[in-house]
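Participant: Heads up: the sequence shown begins at 625 in my numbering, then just goes up one per residue.
Note that the Cβ used here is the ideal one computed from N, Cα and C, for glycine as well.
Values in this document were obtained by computation on a predicted structure and should not be read as measured data.
Below is the structure I would like to discuss, written out as C-alpha coordinates.
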Amino acid sequence: MRTFFLHGIGHFHPENVIDNAFLESLDIGTNHQWIVDRVGIESRRTVLPLDYIRQTRNVDLRAGEEAALYDTAQTGARAASMALERAGLKASDISMVIAGGCAPGMQIPADACRIAALLGIEVPCVDINSACSSFGAHAHLIRQMAQSPAFGGYVLSVQPENTTRVINYTDRSSCVLWGDGTTAAIYSGEHRSRITVEDTLLQSNPAGWKSVVIGNFEHFSQEGSLVQRFAIKTTLSCLDPMLATARAQIAERGRGRVRFIGHQANLTMLESVARRAQIADDEHWHNIVRYGNTGAAGAPAVLSQHWDDLQSGDEVVLVVVGSGLSWASARFCVH
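Below, the structure written as C-alpha coordinates:
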(Lines of atoms letter the chains of each structure in order from A and count residues from 1; the text may use other names and numbers.)
(Lines give C-alpha, C1' and ligand atoms only; values in the text may rest on other atoms or scores of the structure.)
Protein backbone atom coordinates (compact mmCIF):
# COMPACT_ATOMS: atom_id res chain seq x y z
CA MET A 1 0.00 0.00 0.00
CA ARG A 2 1.24 3.49 -0.88
CA THR A 3 2.83 5.32 2.07
CA PHE A 4 0.58 7.92 3.64
CA PHE A 5 1.81 10.86 5.74
CA LEU A 6 0.56 13.13 8.53
CA HIS A 7 2.13 16.58 8.14
CA GLY A 8 0.58 18.62 10.93
CA ILE A 9 -2.23 18.72 13.46
CA GLY A 10 -3.86 21.57 15.33
CA HIS A 11 -6.49 22.22 17.97
CA PHE A 12 -8.66 25.00 19.36
CA HIS A 13 -10.63 25.17 22.62
CA PRO A 14 -12.86 28.16 23.40
CA GLU A 15 -11.96 30.27 26.41
CA ASN A 16 -15.09 29.82 28.56
CA VAL A 17 -14.52 27.19 31.26
CA ILE A 18 -17.26 25.04 32.79
CA ASP A 19 -15.74 23.62 35.95
CA ASN A 20 -17.50 21.31 38.38
CA ALA A 21 -18.21 24.17 40.77
CA PHE A 22 -20.16 25.91 38.01
CA LEU A 23 -22.25 22.80 37.36
CA GLU A 24 -22.85 22.43 41.10
CA SER A 25 -24.12 26.02 41.16
CA LEU A 26 -26.84 25.08 38.64
CA ASP A 27 -28.52 23.01 41.38
CA ILE A 28 -29.18 19.97 39.16
CA GLY A 29 -28.27 17.32 41.72
CA THR A 30 -24.55 17.07 41.13
CA ASN A 31 -21.30 18.17 42.78
CA HIS A 32 -17.57 17.97 42.19
CA GLN A 33 -17.05 14.65 43.97
CA TRP A 34 -20.04 12.99 42.26
CA ILE A 35 -18.69 14.00 38.86
CA VAL A 36 -15.07 13.01 39.53
CA ASP A 37 -16.08 9.64 40.98
CA ARG A 38 -18.20 8.75 37.94
CA VAL A 39 -16.47 10.29 34.94
CA GLY A 40 -13.21 11.83 36.21
CA ILE A 41 -13.81 15.22 34.58
CA GLU A 42 -12.94 18.44 36.40
CA SER A 43 -13.50 21.10 33.71
CA ARG A 44 -14.63 21.66 30.12
CA ARG A 45 -14.69 24.47 27.54
CA THR A 46 -17.76 25.91 25.85
CA VAL A 47 -18.65 28.29 23.04
CA LEU A 48 -21.66 29.38 25.11
CA PRO A 49 -21.52 32.33 27.53
CA LEU A 50 -21.61 31.08 31.11
CA ASP A 51 -24.31 33.59 32.04
CA TYR A 52 -26.44 32.22 29.22
CA ILE A 53 -26.11 28.67 30.57
CA ARG A 54 -26.77 29.85 34.12
CA GLN A 55 -29.91 31.75 33.16
CA THR A 56 -31.43 29.40 30.56
CA ARG A 57 -29.84 25.94 31.05
CA ASN A 58 -29.81 25.92 27.19
CA VAL A 59 -33.31 24.47 27.11
CA ASP A 60 -34.08 26.35 23.86
CA LEU A 61 -31.67 25.07 21.21
CA ARG A 62 -32.30 27.97 18.85
CA ALA A 63 -31.32 30.41 21.60
CA GLY A 64 -28.14 28.40 22.13
CA GLU A 65 -27.20 28.76 18.47
CA GLU A 66 -27.69 32.51 18.68
CA ALA A 67 -25.75 32.83 21.93
CA ALA A 68 -22.67 30.87 20.79
CA LEU A 69 -19.49 32.96 20.64
CA TYR A 70 -18.06 30.92 17.73
CA ASP A 71 -19.57 28.81 14.99
CA THR A 72 -18.08 25.60 13.60
CA ALA A 73 -16.48 27.38 10.64
CA GLN A 74 -14.66 29.81 12.93
CA THR A 75 -13.33 27.13 15.29
CA GLY A 76 -12.46 24.95 12.30
CA ALA A 77 -10.40 27.72 10.72
CA ARG A 78 -8.54 28.33 13.99
CA ALA A 79 -7.55 24.67 14.38
CA ALA A 80 -6.62 24.50 10.68
CA SER A 81 -4.33 27.52 11.04
CA MET A 82 -2.34 25.74 13.76
CA ALA A 83 -2.09 22.58 11.64
CA LEU A 84 -0.87 24.59 8.64
CA GLU A 85 1.76 26.37 10.71
CA ARG A 86 3.08 23.11 12.13
CA ALA A 87 3.17 21.57 8.65
CA GLY A 88 4.98 24.59 7.23
CA LEU A 89 2.23 25.09 4.66
CA LYS A 90 -0.09 27.84 3.46
CA ALA A 91 -3.85 27.51 3.05
CA SER A 92 -3.31 27.74 -0.70
CA ASP A 93 -1.34 24.45 -0.55
CA ILE A 94 -4.47 22.53 0.45
CA SER A 95 -6.14 20.59 -2.37
CA MET A 96 -9.20 19.24 -0.50
CA VAL A 97 -11.09 19.87 2.76
CA ILE A 98 -13.07 17.23 4.67
CA ALA A 99 -14.96 18.09 7.86
CA GLY A 100 -17.18 16.18 10.23
CA GLY A 101 -18.17 15.47 13.81
CA CYS A 102 -21.24 15.20 16.03
CA ALA A 103 -23.11 18.48 15.52
CA PRO A 104 -22.52 20.31 12.21
CA GLY A 105 -23.04 24.05 12.28
CA MET A 106 -25.69 23.94 9.55
CA GLN A 107 -27.71 21.33 7.67
CA ILE A 108 -26.27 22.80 4.47
CA PRO A 109 -23.79 23.88 3.28
CA ALA A 110 -21.05 21.53 4.46
CA ASP A 111 -18.89 22.77 7.32
CA ALA A 112 -15.95 21.97 5.03
CA CYS A 113 -17.12 24.63 2.55
CA ARG A 114 -17.56 27.24 5.26
CA ILE A 115 -14.13 26.50 6.75
CA ALA A 116 -12.50 26.69 3.32
CA ALA A 117 -14.18 30.03 2.70
CA LEU A 118 -12.68 31.45 5.90
CA LEU A 119 -9.26 30.12 4.88
CA GLY A 120 -9.67 31.80 1.49
CA ILE A 121 -9.33 28.68 -0.66
CA GLU A 122 -11.45 27.18 -3.44
CA VAL A 123 -10.98 23.41 -3.48
CA PRO A 124 -13.25 20.34 -3.33
CA CYS A 125 -15.00 20.30 0.06
CA VAL A 126 -17.20 17.66 1.64
CA ASP A 127 -18.48 16.69 5.08
CA ILE A 128 -18.07 13.12 6.31
CA ASN A 129 -19.80 12.85 9.68
CA SER A 130 -19.24 9.74 11.76
CA ALA A 131 -19.90 11.31 15.17
CA CYS A 132 -17.08 10.77 17.69
CA SER A 133 -15.23 8.44 15.31
CA SER A 134 -14.97 11.07 12.54
CA PHE A 135 -11.21 11.69 12.92
CA GLY A 136 -10.47 7.99 12.43
CA ALA A 137 -13.01 7.71 9.63
CA HIS A 138 -11.37 10.62 7.80
CA ALA A 139 -7.89 9.10 8.18
CA HIS A 140 -9.11 5.75 6.87
CA LEU A 141 -10.96 7.16 3.87
CA ILE A 142 -8.22 9.64 2.92
CA ARG A 143 -5.68 6.81 3.17
CA GLN A 144 -7.80 4.77 0.74
CA MET A 145 -8.07 7.72 -1.68
CA ALA A 146 -4.32 8.27 -1.46
CA GLN A 147 -3.74 4.89 -3.11
CA SER A 148 -4.89 6.31 -6.43
CA PRO A 149 -2.06 7.65 -8.64
CA ALA A 150 -4.37 10.55 -9.55
CA PHE A 151 -4.67 11.61 -5.91
CA GLY A 152 -2.20 14.33 -4.98
CA GLY A 153 -1.59 17.37 -2.85
CA TYR A 154 -2.55 17.93 0.77
CA VAL A 155 -5.91 17.09 2.37
CA LEU A 156 -7.18 19.05 5.36
CA SER A 157 -9.36 17.03 7.76
CA VAL A 158 -11.31 19.07 10.36
CA GLN A 159 -13.42 17.99 13.35
CA PRO A 160 -15.37 21.05 14.58
CA GLU A 161 -17.12 20.12 17.84
CA ASN A 162 -19.17 22.91 19.44
CA THR A 163 -21.47 20.29 20.91
CA THR A 164 -22.43 22.17 24.08
CA ARG A 165 -24.89 23.98 21.77
CA VAL A 166 -27.07 20.85 21.96
CA ILE A 167 -26.58 19.94 25.64
CA ASN A 168 -29.42 20.30 28.13
CA TYR A 169 -27.99 21.79 31.33
CA THR A 170 -30.85 20.42 33.41
CA ASP A 171 -29.67 16.88 32.57
CA ARG A 172 -26.74 16.08 34.85
CA SER A 173 -25.98 12.79 33.07
CA SER A 174 -24.97 14.57 29.85
CA CYS A 175 -23.94 18.08 30.87
CA VAL A 176 -21.16 16.78 33.16
CA LEU A 177 -19.56 15.09 30.14
CA TRP A 178 -19.46 17.52 27.26
CA GLY A 179 -17.03 20.24 26.32
CA ASP A 180 -16.17 21.99 23.07
CA GLY A 181 -13.04 21.65 20.96
CA THR A 182 -11.96 21.52 17.34
CA THR A 183 -9.10 19.73 15.62
CA ALA A 184 -7.55 19.71 12.15
CA ALA A 185 -5.02 17.42 10.50
CA ILE A 186 -3.16 17.60 7.19
CA TYR A 187 -2.41 14.43 5.20
CA SER A 188 -0.69 13.57 1.95
CA GLY A 189 0.11 10.46 -0.01
CA GLU A 190 2.44 12.41 -2.28
CA HIS A 191 4.57 14.56 0.03
CA ARG A 192 6.71 12.95 2.74
CA SER A 193 6.85 13.91 6.43
CA ARG A 194 8.29 12.49 9.66
CA ILE A 195 5.02 10.77 10.59
CA THR A 196 3.54 7.93 8.56
CA VAL A 197 0.03 6.51 8.92
CA GLU A 198 0.80 2.81 9.05
CA ASP A 199 -2.63 1.29 9.56
CA THR A 200 -6.28 2.38 9.74
CA LEU A 201 -9.64 0.74 10.33
CA LEU A 202 -13.27 1.86 10.05
CA GLN A 203 -16.28 -0.26 11.05
CA SER A 204 -19.90 0.13 12.15
CA ASN A 205 -22.74 -1.73 13.84
CA PRO A 206 -25.79 0.11 12.46
CA ALA A 207 -28.22 -1.97 14.54
CA GLY A 208 -27.12 0.10 17.56
CA TRP A 209 -27.79 3.51 16.02
CA LYS A 210 -30.41 4.45 18.62
CA SER A 211 -27.91 4.23 21.50
CA VAL A 212 -26.39 7.71 20.94
CA VAL A 213 -28.51 10.38 19.26
CA ILE A 214 -28.76 14.09 18.54
CA GLY A 215 -32.13 14.33 16.78
CA ASN A 216 -33.34 17.27 14.72
CA PHE A 217 -34.12 20.13 17.13
CA GLU A 218 -33.29 17.83 20.07
CA HIS A 219 -30.68 17.67 22.80
CA PHE A 220 -27.98 15.00 22.98
CA SER A 221 -29.08 11.70 24.53
CA GLN A 222 -27.50 8.29 25.03
CA GLU A 223 -27.89 4.97 26.79
CA GLY A 224 -24.93 5.65 29.04
CA SER A 225 -24.12 2.26 30.59
CA LEU A 226 -24.65 0.39 27.31
CA VAL A 227 -22.47 2.83 25.41
CA GLN A 228 -19.68 2.63 28.00
CA ARG A 229 -19.61 -1.17 27.79
CA PHE A 230 -19.54 -0.95 24.00
CA ALA A 231 -16.73 1.61 24.09
CA ILE A 232 -14.53 -0.50 26.37
CA LYS A 233 -15.08 -3.74 24.47
CA THR A 234 -14.64 -2.17 21.03
CA THR A 235 -11.59 -0.12 21.98
CA LEU A 236 -9.87 -3.23 23.31
CA SER A 237 -10.67 -5.26 20.18
CA CYS A 238 -9.17 -2.51 17.98
CA LEU A 239 -6.26 -1.86 20.30
CA ASP A 240 -4.96 -5.39 20.76
CA PRO A 241 -3.65 -6.09 17.21
CA MET A 242 -2.34 -2.54 16.66
CA LEU A 243 -0.65 -2.50 20.06
CA ALA A 244 1.06 -5.83 19.36
CA THR A 245 2.37 -4.52 16.04
CA ALA A 246 3.51 -1.25 17.60
CA ARG A 247 5.44 -3.00 20.36
CA ALA A 248 7.05 -5.35 17.84
CA GLN A 249 8.14 -2.43 15.64
CA ILE A 250 9.65 -0.60 18.62
CA ALA A 251 11.55 -3.72 19.70
CA GLU A 252 12.89 -4.18 16.18
CA ARG A 253 14.05 -0.56 15.90
CA GLY A 254 15.43 -0.50 19.44
CA ARG A 255 13.93 2.92 20.19
CA GLY A 256 10.62 4.68 20.78
CA ARG A 257 7.61 4.35 23.06
CA VAL A 258 4.00 3.30 22.59
CA ARG A 259 1.52 6.18 22.98
CA PHE A 260 -2.11 5.13 23.39
CA ILE A 261 -4.85 7.70 22.77
CA GLY A 262 -8.47 6.61 23.19
CA HIS A 263 -11.79 8.32 22.64
CA GLN A 264 -12.08 10.96 25.37
CA ALA A 265 -15.51 9.81 26.59
CA ASN A 266 -14.72 9.67 30.30
CA LEU A 267 -11.75 8.81 32.48
CA THR A 268 -13.35 5.66 33.92
CA MET A 269 -13.63 4.12 30.45
CA LEU A 270 -10.10 5.09 29.46
CA GLU A 271 -8.54 3.76 32.65
CA SER A 272 -10.41 0.48 32.27
CA VAL A 273 -9.06 0.05 28.73
CA ALA A 274 -5.50 0.94 29.72
CA ARG A 275 -5.58 -1.43 32.69
CA ARG A 276 -6.89 -4.38 30.67
CA ALA A 277 -4.43 -3.74 27.82
CA GLN A 278 -1.54 -3.41 30.31
CA ILE A 279 -0.69 0.09 29.12
CA ALA A 280 1.50 2.02 31.56
CA ASP A 281 0.43 5.44 32.82
CA ASP A 282 3.22 7.19 30.90
CA GLU A 283 2.13 5.42 27.69
CA HIS A 284 -1.46 6.66 28.02
CA TRP A 285 -2.11 10.21 26.79
CA HIS A 286 -5.44 11.88 27.54
CA ASN A 287 -7.00 15.29 28.22
CA ILE A 288 -10.46 14.25 29.43
CA VAL A 289 -9.89 15.63 32.95
CA ARG A 290 -9.42 19.24 31.79
CA TYR A 291 -11.50 19.34 28.60
CA GLY A 292 -14.28 16.77 28.97
CA ASN A 293 -15.75 14.81 26.08
CA THR A 294 -15.17 16.89 22.96
CA GLY A 295 -16.56 14.29 20.59
CA ALA A 296 -14.60 13.74 17.39
CA ALA A 297 -12.04 16.35 18.47
CA GLY A 298 -11.12 14.59 21.73
CA ALA A 299 -8.49 12.04 20.68
CA PRO A 300 -6.87 14.18 17.94
CA ALA A 301 -6.67 17.12 20.37
CA VAL A 302 -4.61 14.91 22.69
CA LEU A 303 -2.27 14.12 19.81
CA SER A 304 -2.08 17.82 18.92
CA GLN A 305 -1.30 18.83 22.50
CA HIS A 306 1.55 16.27 22.56
CA TRP A 307 2.83 17.12 19.07
CA ASP A 308 6.16 18.41 20.35
CA ASP A 309 6.58 15.38 22.65
CA LEU A 310 6.71 12.87 19.78
CA GLN A 311 10.15 11.27 19.42
CA SER A 312 11.73 9.22 16.66
CA GLY A 313 10.59 5.61 16.93
CA ASP A 314 7.36 6.36 18.79
CA GLU A 315 4.22 4.48 17.79
CA VAL A 316 0.90 6.22 18.40
CA VAL A 317 -2.14 3.94 18.56
CA LEU A 318 -5.40 5.92 18.42
CA VAL A 319 -8.85 4.33 18.80
CA VAL A 320 -12.17 6.21 18.66
CA VAL A 321 -15.77 5.07 19.01
CA GLY A 322 -19.00 6.91 18.31
CA SER A 323 -22.64 6.99 17.42
CA GLY A 324 -23.76 4.81 14.58
CA LEU A 325 -22.55 2.71 16.33
CA SER A 326 -19.18 3.23 14.65
CA TRP A 327 -15.51 2.92 15.49
CA ALA A 328 -12.16 3.63 13.88
CA SER A 329 -8.48 3.33 14.66
CA ALA A 330 -5.12 4.44 13.29
CA ARG A 331 -1.48 3.69 13.99
CA PHE A 332 1.09 6.44 13.43
CA CYS A 333 4.85 5.95 13.33
CA VAL A 334 7.31 8.78 14.05
CA HIS A 335 10.51 8.54 11.99
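In its own chain, which residues sit with a C-beta less than 8 Å from the C-beta of T820, not counting the 5 before and 5 after it?
Facilitator: T627, F628, F629, L630, F956, C957, H959
Participant: Do C799 and A755 have their C-beta atoms within less than 8 Å of each other?
Facilitator: no
Participant: Roughly how many whole angstroms lie between the Cα atoms of P728 and A736?
Facilitator: 10 Å
Participant: L967 and A954: beta carbons closer than 8 Å?
Facilitator: Because the chain in this structure spans residues 625 to 959, residue 967 falls outside the shown range and cannot be described.
Participant: Mind listing, in chain order, the continuous alpha helix (DSSP H) runs of no fewer than 4 residues lying wholly within the region 656 to 688?
Facilitator: 656 to 663, 674 to 680
Participant: Rounded to whole angstroms, what's the CA-CA distance from I659 to E666? Just pull it up for me.
Facilitator: 8 Å
Participant: Classify A741 as helix, strand or coil using the three-state DSSP reduction.
Facilitator: A741 falls in the helix class under three-state DSSP.
Participant: Using DSSP with H/G/I as helix, E/B as strand and the rest coil, what is M893?
Facilitator: helix
Participant: What residues match up with I722 in a beta bridge as DSSP calls it?
Facilitator: V750, S781
Participant: Hey, out of G946, L801, H930, whose CA is closest to F854's CA?
Facilitator: G946
Participant: So, is R883 buried or exposed, given that buried needs 16 or more other C-beta atoms within 10 angstroms?
Facilitator: buried
Participant: Considering only the beta carbon of each residue, do A691 and L672 sit closer than 8 Å?
Facilitator: Yes. Within cutoff.
Participant: Measure the CB-CB distance between N792 and R681 and report whether it falls below 8 Å.
Facilitator: yes
Participant: Using 8 Å as the Cβ pair cut-off and three pairs as the minimum, do the region 763 to 770 and the region 692 to 711 touch?
Facilitator: no
Participant: Opposite W802 in the DSSP bridges: which residues?
Facilitator: N917
Participant: Report yes or no: do the region 907 to 917 and the region 849 to 868 share at least 3 C-beta pairs separated by less than 8 Å?
Facilitator: No, because fewer than three Cβ pairs between the region 907 to 917 and the region 849 to 868 fall closer than 8 Å, the two stretches do not touch.
Participant: Throw me the rounded Cβ distance for the L826 and A921 pair, which I believe falls under 8 Å.
Facilitator: That pair is no contact at about 18 Å.
Participant: What would DSSP say about D888, mapped onto helix, strand or coil?
Facilitator: According to the sequence as given, residue 888 is Gln; it is not Asp. Reduced to three states, the DSSP call for Q888 is coil.
Participant: Can you check which of these residues, L891, W931, R879, is closest to G937 by C-alpha distance?
Facilitator: Of the residues L891, W931, R879, the one whose Cα lies closest to the Cα of G937 is R879.
Participant: Classify L934 as helix, strand or coil using the three-state DSSP reduction.
Facilitator: coil
Participant: Can you say whether Q783 is buried or exposed, counting buried as having 16 or more other CB atoms within 10 angstroms of its CB?
Facilitator: buried
Participant: Drop a sphere of 10 angstroms on the beta-carbon of I912, count the other beta-carbons inside from all chains shown, and report buried for 16 or more, exposed for fewer.
Facilitator: buried
Participant: Closest to T699 by CA distance: which of H637, G688, P830 is it?
Facilitator: Cα-wise, what sits closest to T699 is H637.
Participant: Helix, strand or coil: how does DSSP classify A901 here?
Facilitator: Under the three-state reduction of DSSP output, A901 falls in the coil class, being neither helix nor strand.
Participant: In whole angstroms, what separates the C-alpha of I722 from that of A809?
Facilitator: 10 Å
Participant: Let me know the secondary structure DSSP gives D643 once reduced to three states.
Facilitator: strand
Participant: Which of the three DSSP states is assigned to G948 in this structure?
Facilitator: coil
Participant: Around the Cβ of G653, are there at least 16 other Cβ atoms within 10 angstroms (buried) or fewer (exposed)?
Facilitator: By the 10 Å Cβ count, G653 comes out exposed.
Participant: If I measure Cβ to Cβ from A901 and keep anything under 8 Å in the same chain, skipping five residues before and after, which residues do I get?
Facilitator: L860, L863, D864, L867, F884
Participant: Who are the near neighbours of R881 in its chain, counting only those whose CB is closer than 6 Å to its CB and skipping five residues on each side?
Facilitator: D938
Participant: Report the rounded CA-to-CA distance for P773 versus V944, giving the unit in angstroms.
Facilitator: 29 Å
Participant: Tell me the DSSP bridge mates of F629?
Facilitator: S812, T820
Participant: Out of A707, L949, A701, D651, point me to the one whose CA is closest to G832's CA.
Facilitator: L949
Participant: Give the straight-line distance between the Cα atoms of H614 and E785, rounded to the nearest whole angstrom.
Facilitator: In the structure displayed, the chain extends from 625 to 959; residue 614 sits before or after that span and is not available.
Participant: Where F841 and S812 are concerned, what is the direct C-alpha to C-alpha distance, given to the nearest angstrom?
Facilitator: 37 Å
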